[in-house]
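Engineer: For the first sequence, this note's numbering gives the first residue as 17, with consecutive numbering after it.
Just so it is clear, CB atoms sit at the ideal spot from N, CA and C, and this is done for glycine as well.
Treat the numbers as computed from the prediction; the structure is a model and nothing was measured.
Encoded as structure tokens, here's the structure I'll be asking about.
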Amino acid sequence: MDNSETSRPSNFIKDIIDEDIRNNKNNGQVVTRFPPEPNGYLHIGHAKSICLNFGLAAEYKGRCHLRMDDTNPEKENVEYIESIIRDVKWLGFDWGEHLYYASNYFEQLYQWALLLIKKGLAYVCDMTPEEVAATRGTPTVPGKESPGRKRGVEENLDLFGRMRAGEFPDGSRSLRARIDMASPNMQMRDPVLYRIKRAEHHRTGNAWCIYPIYDFAHGQSDYIEGITHSICTLEFEVHRPLYDWFLDQIAEPGRVRPRQIEFARLSLGYTVMSKRRLLELVETGFVTGWDDPRMPTISGLRRRGYTPESIRDFAERIGVAKADNIVDAALLEHCLREHLNRRAHRVMAVLNPLKVVIENFPDGKTEELEAVNNPEDEAMGKRPLPFTRTLYIEQDDFREDPPSKFYRLSTGREVRLKFAYYIRCTDIVKDSSGTVIEVRCTYDPETRGGWSKDGRKVKGTIHWVSAEHALPAEVRLYDHLFTVSEPESSKNSAGYKTYLNRDSLKVLHGCRVERSLAGAAPGSRYQFERIGYFCADAEDSRPDRLVFNRTVSLKDSWAKIEKKA
RNA sequence: UGAGGUGUGGCCAAGCGGUAAGGCAACGGGUUUUGGUCCCGUGACCCCAGGUUCGAAUCCUGGCACCUCAGCCA
């Protein structure tokens, strides 16, 4: 049984829900929702919210809706809707029949607007957006009342009807709530409910030229759907009094009344998380698209090779609280390594090949050896591995002048070729510039499989491929998008773009991978022994033209030792 | 000088008056045909100052710091 996903830690939201259940509020039901605006692709921050909302619903045997918060047609489109649906599904969540759109509620919202007008709680304002802003006041200075505030019900009804009918130009009027222009909470200073906007909506087409604002749509949508716990991020905390104010006007006794609960959004080190900034990276071409493997988007992580399980585990481990936070990117990487360690097929790949000739191995001979597919799981079996006179090893695994503690190959030294033989370096060949281009070795036939009968030990074990059998491959190495952990921090006053990591992508062309990778399916994941976890790129890899993405490297304690020295 | 929030080890985060969980990172050590995995070990008096109490990270008072709000975005 996978314990990591069944025993979840507690958090303040669960405390609230537990309390509600104790009080039999909403008959003990729990209904949540994930309400993205389809104006961009989902990112790891959304994943936190998705896991939270769907997770709570599952845990409390309730349900979770997927709702497109599509009240602003200018910024939204179907491409985004489709990507959201794909990403939430990929993460492993199921909303059943409960896919909704705020735009489905436009008529109901309009009726509620009429209700507010009739109650004298909403009015048509004739000011432009600029005028509204200019009269809103400041946190310490009360705003000025709009002239429209004094209008009678009949006139407001007439004007609002004509707004809907398209009699007024965009931005010339708005419907506003009549609350309190002197409220210390800026959100309560007669907030706009409807704006005139002649934009074709991706679902309602041209049926409307007025669209409700977030505050007038969200809580009501929750109410319509019977949401019990409406979970959102901290910046909406100051909107809660308004959320409740609208419900006060429309809620009927006996019906589920949603409660808004706010938690701290996720920030991750060495990246940015706002859709605006991610969009900017896409549009300026710094990345190849929303699914660029360097992006913190769900689609980017997927293409990079992340698994849904590892992302869910991550969401679990970071917890849910109200304190602002920036999570260490190493935690995400840890979750991925932990998941893949147990299930990734091991394979040998040489990223930077160095030719090795085994002088005492017959030319033209091929010997089939046996390799373990995953030492963590015997059931994954073994595979044959061809061994020949000419091999490739990693350039990093040979040093002409080995530093102390370096126990890989060097002149006169012996190492083990994983699953093959002990080899000893006898000589090296250099080119005119003095670079080592070939290593001459002898092998010990008595060490077949990598064991020595005489009990002799070797310090190092390195990976290799047979030159004759290896397949060429392109390998893409990714690094953080930014050079600093907090590109948006006020301390980094130069602006986040200054910290873009120009070396976040490094493409290697002459890589050599073992024969068994022939025909690797796009998207398939492997561990390249001693290097890291890789996946065949879902877009660019072909069975006969392999392209691999490095998802995450293995931990490398040698690199640490070397760095210290 | 308004309102709403938040402050527990490098990063997250439990704790809900009884004497500081856990994870990641870091650093030691052991095992190892991946310098991987795995195993063992190492760190906090809880923003500050008072107060209540036999006893406070948890309660009270007063400070300080940081975040959010002045879109007809969400």
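Roughly how many whole angstroms lie between the Cα atoms of residue 424 and residue 472?
Structural biologist: Their Cα atoms are separated by approximately 16 Å.
Engineer: Count the other CB atoms within 10 Å of the CB of residue 327; is the residue buried (16 or more) or exposed (fewer)?
Structural biologist: buried
Engineer: Buried or exposed for residue 243, going by 16 or more other Cβ atoms inside 10 Å?
Structural biologist: buried
Engineer: Go ahead and label residue 182 buried or exposed: buried means 16 or more other beta carbons lie within 10 angstroms of its beta carbon, across all protein chains shown.
Structural biologist: exposed
Engineer: Hey, quick one: how far does the alpha helix (DSSP H) through residue 459 stretch, first residue to last?
Structural biologist: Taken as a continuous stretch (DSSP letters only), residue 459 belongs to no alpha helix (DSSP H), being part of the beta strand (DSSP E) at 452-459.
Engineer: Excluding the 5 residues preceding and the 5 following residue 124 in the sequence, name in chain order all residues of the same chain whose CB lies nearer than 6 Å to its CB.
Structural biologist: none
Engineer: Taking 7 Å as the cut-off, decide whether the C-beta atoms of residue 86 and residue 119 are in contact.
Structural biologist: yes
Engineer: State yes or no: is the C-beta of residue 477 within less than 7 Å of the C-beta of residue 507?
Structural biologist: no
Engineer: When you measure from the CB of residue 574 to every non-hydrogen atom of the ligand ZN, does any distance come out below 6 Å?
Structural biologist: The model on display carries no ligand, and the ligand ZN is accordingly not part of it.
Engineer: Would you mind stating whether residue 306 and residue 57 have Cβ atoms separated by less than 7 Å?
Structural biologist: yes
Engineer: Cα separation between residue 117 and residue 84?
Structural biologist: 5 Å
Engineer: Count Cβ pairs between the stretch 367-375 and the stretch 523-540 that sit closer than 8 Å; are there 3 or more?
Structural biologist: yes
Engineer: Would residue 467 be called buried (16 or more neighbouring beta carbons within 10 Å of its own) or exposed?
Structural biologist: exposed
Engineer: Residue 267 to residue 284, Cα distance in whole Å?
Structural biologist: 39 Å
Engineer: Check the C-beta distance from residue 550 over to residue 565 and give it rounded, since I have them as a contact under 8 Å.
Structural biologist: 6 Å
Engineer: Is it true that the CB of residue 567 sits closer than 7 Å to the CB of residue 482?
Structural biologist: no
Engineer: So, at 6 Å on beta carbons, what are the nonlocal neighbours of residue 355 in its own chain, with the 5 sequence-adjacent residues on each side left out?
Structural biologist: Correct list, in chain order: 323, 325 and 326.
Engineer: Can you give me the C-alpha to C-alpha distance between residue 209 and residue 191, rounded to a whole angstrom?
Structural biologist: Computed Cα separation, rounded: 5 Å.
Engineer: Which class does residue 410 belong to by DSSP, given the choice of helix, strand or coil?
Structural biologist: strand
Engineer: How long is the line joining the alpha carbons of residue 81 and residue 34, rounded to whole angstroms?
Structural biologist: 20 Å
Engineer: For residue 68, report the span of its alpha helix (DSSP H) as first-last.
Structural biologist: 60-75
Engineer: Residue 48 and residue 245 - do their beta-carbons sit closer together than 7 Å?
Structural biologist: yes
Engineer: If you reduce the DSSP assignment to three classes, tell me which class residue 447 lands in.
Structural biologist: coil
Engineer: Could you give the first and the last residue of the continuous beta strand (DSSP E) run that contains residue 267?
Structural biologist: That residue, residue 267, is in no beta strand (DSSP E); it is neither H nor E in DSSP.
Engineer: Would you call the stretch 151-162 and the stretch 203-222 touching, i.e. three or more CB-CB distances under 8 Å?
Structural biologist: yes
Engineer: Which residue from 535, 51, 257 and 281 puts its Cα closest to that of residue 111?
Structural biologist: 51
Engineer: So what does residue 482 bridge to, in DSSP terms?
Structural biologist: 407
Engineer: Could you check the C-alpha separation between residue 88 and residue 220 for me, to the nearest Å?
Structural biologist: 12 Å
Engineer: Cβ atoms of residue 385 and residue 1: under 7 Å apart, would you say?
Structural biologist: Examination of residue 1 is not possible in this model, given that the chain is present from 17 through 581 alone.
Engineer: Does the stretch 438-451 come close enough to the stretch 517-524 that 3 or more CB-CB pairs lie under 8 Å?
Structural biologist: Using a Cβ-Cβ distance cut-off of 8 Å, the stretch 517-524 and the stretch 438-451 are not in contact, since fewer than three pairs of beta carbons, one from each stretch, lie closer than that value.
Engineer: Restricting to runs no shorter than 3 residues, where is the beta strand (DSSP E) found entirely within the stretch 204-263?
Structural biologist: 208-212, 226-228 and 245-249
Engineer: Cα separation between residue 416 and residue 456?
Structural biologist: 12 Å
Engineer: Give me whichever residues DSSP pairs with residue 124 in a beta bridge.
Structural biologist: None; residue 124 has no bridge partner.
Engineer: Let me make sure I understand the geometry here. Which of 275, 91, 313 and 269 has the alpha-carbon closest to that of residue 290?
Structural biologist: 313
Engineer: Below 8 Å on the Cβ atoms is my contact criterion, and I expect residue 562 with residue 486 to pass it. Report the Cβ-Cβ distance as a whole number of Å.
Structural biologist: No, residue 562 and residue 486 are not in contact; Cβ-Cβ is about 11 Å, not under 8 Å.
Engineer: Are there 16 or more other CB atoms within 10 angstroms of the CB of residue 577, so buried, or fewer, so exposed?
Structural biologist: exposed
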